[in-house]
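Engineer: Numbering (our numbering), first residue to last: 394 to 442.
Cβ atoms here follow ideal geometry from the backbone N, Cα and C, with glycine treated the same way.
First the structure, which I've put down as C-alpha cells, then a few questions once you've had a look.
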C-alpha cells in the first residue's frame, strides 16, 4: 500500500508537492477558523451567563 503510494507520488512529483502545499495551507486556516468560532461562541455564552 505505502510502496504503491510512494511509487505514484514519485511519478507525480508536481501533483504531490501541490497536495502537500495545499494541506499545509488548509490545516492552519482550519485551526484558525475553529479557534475563532470557539472564541466568539465563548463570548456569546459569557454574555448570556
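Note down the Cα distance separating residue 419 from residue 425, rounded to an integer number of angstroms.
Structural biologist: For residue 419 and residue 425, the distance between alpha carbons rounds to 10 Å.
Engineer: Between residue 416 and residue 409, how many whole angstroms is the CB-CB distance? I'm expecting something under 8 Å.
Structural biologist: Not a contact, Cβ separation roughly 11 Å.
Engineer: May I ask which residues mark the beginning and end of the alpha helix (DSSP H) holding residue 394?
Structural biologist: Unbroken run through residue 394: none, as it is neither H nor E.
Engineer: Only counting runs of 3 or more residues, tell me where the beta strand (DSSP E) segments fall wholly within the segment 401 to 429, in order along the chain.
Structural biologist: Taking only runs of at least 3 residues, no beta strand (DSSP E) segment lies wholly in the segment 401 to 429.
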